[in-house]
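I have placed the structure first, in the form of structure tokens, so that the comments after it can refer back to it.
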Amino acid sequence: MHNETGFDEMRFVRQIRYHRLGAIGQQKLSEAHAAIVGCGALGSTTAMSLTRAGIGRLTIIDRDVPEWSNLPRQFLFTEKDVCDGLPKAIIAEKRLKEIDRNVQVIPHVRDLSAHNISDLLSSVDVIVDGTDNFETRFLVNDFSCRENIPWVYGGVIGAEGRVMAVIPGTTACLRCLIPEPPAPGSLPTCDTAGVLGAAVMVVGGVQTSETIKILVNAAPPTESTLFVFDLWDSTWKTIDLRSLSKTGCTSCRGNDYQWLNTSNNQSSILCGQDAVQLYPTQRAPNLRNIAKQLSCFGNVNENPWLVRAEVEPGITVSVFADGRLIVTGTRDPSRARSIVSKTVGM
Ligand SMILES: [Zn+2]
0 MHNETGFDEM RFVRQIRYHR LGAIGQQKLS EAHAAIVGCG ALGSTTAMSL
50 TRAGIGRLTI IDRDVPEWSN LPRQFLFTEK DVCDGLPKAI IAEKRLKEID
100 RNVQVIPHVR DLSAHNISDL LSSVDVIVDG TDNFETRFLV NDFSCRENIP
150 WVYGGVIGAE GRVMAVIPGT TACLRCLIPE PPAPGSLPTC DTAGVLGAAV
200 MVVGGVQTSE TIKILVNAAP PTESTLFVFD LWDSTWKTID LRSLSKTGCT
250 SCRGNDYQWL NTSNNQSSIL CGQDAVQLYP TQRAPNLRNI AKQLSCFGNV
300 NENPWLVRAE VEPGITVSVF ADGRLIVTGT RDPSRARSIV SKTVGM
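At the far end of the sequence shown sits residue 345, using numbering that gives the first Met the number 0, and the numbering has no gaps.
Given below as structure tokens:
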């Protein structure tokens, strides 16, 4: 039964009974709009748990389709989804609406960039980090500071995870903590160090509760902490960042948003996958024509968001409606470019 303001009191009775959330908090949640950037492991977990918690609206941005190696930790997706080849953001919308038909989901099959971030994220109340790379996190951090929109950083490698809620002008931001993105190869990634699904669940759970606290204005305004754990070592730490938040950095106190002024890389190697993403053109491709072209290499999987085909044994080319390409089966950008020019002619 819905109350006069719109949420189902019976459904959320246990949450409302938790006095620090209460009916007022539940009402705020039902009116809130969160964006999830990246719908992989952390994005799946946070999208699902925010939906179950009764969030009103979710914007979901993801550039990719699910792969077999995603299934141990990307909880929204199934074997059938891998076979069907639909984009993660589109599958997420369907699955989340199966969980709660009242949630509004706005899916974007896009790669978040300095060019499109204002269009995609200006109207949201909070941004949840589901990305796998620091370049996108620094972009989100700058945008958050400029637009005064809180965001919740989350990272997981192996059995270790970390979470930090950023409230611009109040807490420390990502750049206060890490002045520059780590140089490529200097940190372990989920490619090199692996990742455990259980650690994803913990980080996703903490990100979800931080997000809910922000949305119902429950977080003490001076709180600035980094939560770090290692499930294998059974260690849990909350690191006090108040000394950083007092002074801030050039992003959160100095109006210097260098990451919003950089353009996209022309190619990037995708973390956790044997794959390279390319941007050969700014124009939207004609997917129908590309499907015809690729059909001479083998079976083509075609839907309104992308066209995909195995063009040689172990090498798959996916062409997306926004002009991006992902070549799976190689980590060599120049080999990926040559495969694309031979098969798609871009
Ligand atoms: Zn800062």
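The C-beta atom is built at its ideal place from N, Cα and C for all residues, glycine as well.
For Ile238, the enclosing beta strand (DSSP E) covers residues 234-239. For Val127 against Val151, the beta-carbon gap comes to about 5 Å, under 8 Å, which counts as contact. Under the three-state reduction of DSSP, Gly157 is assigned to strand. Around ligand 1, the residues selected by a Cβ distance under 6 Å to any of its heavy atoms are Ala171, Cys172, Arg174, Cys175, Gly247, Cys248, Ser250, Cys251, following chain order. For Ala335, the enclosing alpha helix (DSSP H) begins and ends at 332-342. Nearest neighbour of Cys144 by Cα position, chosen from Ser121, Val162, Val275, turns out to be Ser121.
Contact between Trp304 and Ala283 is absent: CB atoms are separated by about 12 Å, not below the 8 Å threshold. DSSP, reduced to helix, strand and coil, places Leu85 outside both helices and strands of the structure shown, so it counts as coil. If you compare the alpha carbons of Arg323, Pro279, Gly322, Gly344 with that of Val310, the shortest gap goes to Gly344.
Here DSSP, grouped into helix, strand and coil, assigns Ser317 to strand. A residue is called buried once 16 or more other Cβ atoms fall within 10 Å of its Cβ, and Gln206 is buried on that count.
Per DSSP, reduced to three states, the secondary structure at Arg136 is helical. Straight across, the Cα-Cα distance linking Arg287 with Pro178 is about 45 Å.
In this structure, the beta-carbon distance from Ser223 to Ala171 falls below 8 Å. Three or more beta-carbon pairs separated by less than 8 Å are not found between the segment 32-41 and the segment 12-23, which leaves the two stretches without contact.
In terms of CA proximity to Asn216, Gly21 leads the group Ile89, Gly21, Gln272. The Cβ neighbour count for Arg241, taken over all protein chains shown within 10 Å, is under 16; the residue is labelled exposed. For Ala33, there is no enclosing alpha helix (DSSP H); the enclosing beta strand (DSSP E) has its first and last residue at 32-36. With contacts defined as CB atoms closer than 8 Å, Arg62 and Val108 qualify as a contacting pair. If you ignore the 5 residues before and after Asp331, its C-beta comes within less than 8 Å of the C-beta of Val275, all in its own chain and listed in chain order. Looking at the DSSP output, Trp150 shares a beta bridge with Ile126, Val165. According to the DSSP assignment, Asn288 belongs to no beta strand (DSSP E) but to the alpha helix (DSSP H) extending over 286-293. Under the three-state reduction of DSSP, Ile54 is assigned to coil, being neither helix nor strand. Taking Pro187 as the centre and dropping the five residues before and after it, the same chain places the C-beta of Ile156 closer than 6 Å to its C-beta, in chain order. Collapsing the DSSP output to three states places Asp99 in coil. By the beta-carbon neighbour count (other beta carbons within 10 angstroms, threshold 16), Ile238 is exposed. For Leu49, same chain residues with a beta-carbon under 7 Å away, outside a window of 5 residues either side, are Ala33, Leu57, Thr207, Thr210 in chain order. Residues Arg161 of the same chain have their beta carbon placed closer than 6 Å to that of Gly154, with the five preceding and five following residues left out of the count.
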